[in-house]
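Numbering (the numbering used here), first residue to last: 2 to 267. Backbone N, C-alpha and C fix where the C-beta goes; we use that ideal spot for every residue, glycine too. Working notes, beginning with the structure itself.
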């Protein structure tokens with residue numbers, strides 16, 4: 002790997018928190034470093050005193066990928082007085098929301114539905130051996146049966162159909178950038194097989210970097226119960242939490258989700 006080096010302040014970047022907060026699957030964490038794959042690119046991350054070191058083969062790509070031009074101290078300051086945020090930020094202080102490739106994120110989160118992280122990672126390793134995520138042209142060569150053989154189960158047909166939609170340009174992947182979170186969610190759900198509201202919000206948050214979304218899963222439902230003392234439909238939960246956390250709702254979701262899921266293990 003041709004090495005470029007990015008050095009970043011560790012006060013707003015924790016490797017483990019960023020990689021394990023549920024936003025990506027193509028990574029491995031070793032004893033003292035981590036490897037991250039995106040498309041056909043690789044980065045090696047480790048901490049040296051108060052700095053995060055990112056060795057990579059495409060500096061511009063990974064500066065964008067790790068969202069290094071965003072001031073997370075400012076975001077955390079804006080959020081910390083809102084309900085439940087102070088403890089969540091303290092726990093997940095180093096989470097950064099990645100700017101992932103759109104197609105890779107779409108397929109990864111279709112696979113993620115009703116699945117667990119080790120299985121998702123295994124499937125993606127079979128789809129992307131040696132760290133190379135296939136191009137759309139390469140993906141069209143996979144059949145539904147190929148995806149089943151890789152362990153995708155019922156999601157195999159979703160992948161085949163969505164890849165066909167992407168390959169035939171039946172969806173404009175730039176359109177969600179022009180829409181608010183609600184309309185962008187509807188757009189993805191209407192045009193991609195296997196993409197429901199929760200998966201759509203994940204795609205919008207982790208690939209489009211839209212912050213007026215709030216993926217609702219089991220952990221977010223528990224957070225909502227803690228906040229409001231009752232349950233509601235995912236649609237109502239989503240809207241109420243977007244209203245509560247405003248322009249930083251997507252950031253809030255990741256801090257709250259990570260604190261609730263991982264903090265509960267302590």
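Rounded straight-line distance, which links the Cα of residue j to that of residue i
i: residue 5; j: residue 122; result: 27 Å
i: residue 33; j: residue 217; result: 33 Å
i: residue 88; j: residue 94; result: 10 Å
i: residue 154; j: residue 162; result: 14 Å
i: residue 200; j: residue 148; result: 19 Å
i: residue 141; j: residue 172; result: 16 Å
i: residue 251; j: residue 187; result: 17 Å
i: residue 118; j: residue 203; result: 15 Å
i: residue 23; j: residue 113; result: 10 Å
i: residue 49; j: residue 264; result: 25 Å
i: residue 235; j: residue 100; result: 25 Å
i: residue 195; j: residue 232; result: 26 Å
i: residue 69; j: residue 211; result: 16 Å
i: residue 245; j: residue 239; result: 10 Å
i: residue 130; j: residue 84; result: 43 Å
i: residue 206; j: residue 146; result: 30 Å
i: residue 15; j: residue 60; result: 19 Å
i: residue 92; j: residue 77; result: 12 Å
Beta-carbon contacts of residue i that lie in its chain and below 8 Å, excluding the five residues immediately before and after
i: residue 52; result: 8, 9, 10, 11
i: residue 209; result: 103, 177, 178, 185
i: residue 138; result: 168
i: residue 213; result: 181, 182, 183, 243, 248, 250, 251
i: residue 198; result: 186, 190, 217, 235, 236, 239
i: residue 1; result: No statement about residue 1 is possible, as the shown extent of the chain runs from 2 to 267 and does not include it.
6 Å CB neighbourhood of residue i in its chain, flanking five on each side removed
i: residue 105; result: 134
i: residue 125; result: 26, 27
i: residue 220; result: 258, 261, 262
i: residue 132; result: 38, 43
Per-residue DSSP class, three states only, for residue i
i: residue 1; result: Here the chain covers residues 2 to 267 and nothing more, so residue 1 does not appear.
i: residue 232; result: coil
i: residue 168; result: helix
i: residue 19; result: helix
i: residue 250; result: helix
i: residue 57; result: strand
i: residue 217; result: coil
i: residue 70; result: coil
i: residue 46; result: strand
i: residue 175; result: coil
i: residue 244; result: helix
i: residue 161; result: helix
i: residue 149; result: helix
i: residue 260; result: helix
Paired residues, beta bridge with residue i - DSSP
i: residue 121; result: BP columns for residue 121 are empty, so no partner.
i: residue 191; result: DSSP output for residue 191 lists no bridge partner at all.
i: residue 36; result: 29, 45
i: residue 10; result: 52
i: residue 5; result: 57
Cut-off 7 Å between Cβ atoms - residues of its own chain near residue i, not counting five sequence neighbours on either side
i: residue 63; result: 7, 44, 55, 57
i: residue 81; result: 87, 90
i: residue 183; result: none
i: residue 110; result: 200, 203, 204
Min CB distance residue i to chain B below 8 Å
i: residue 107; result: The chain inventory of the structure shown lacks chain B, comprising one protein chain alone.
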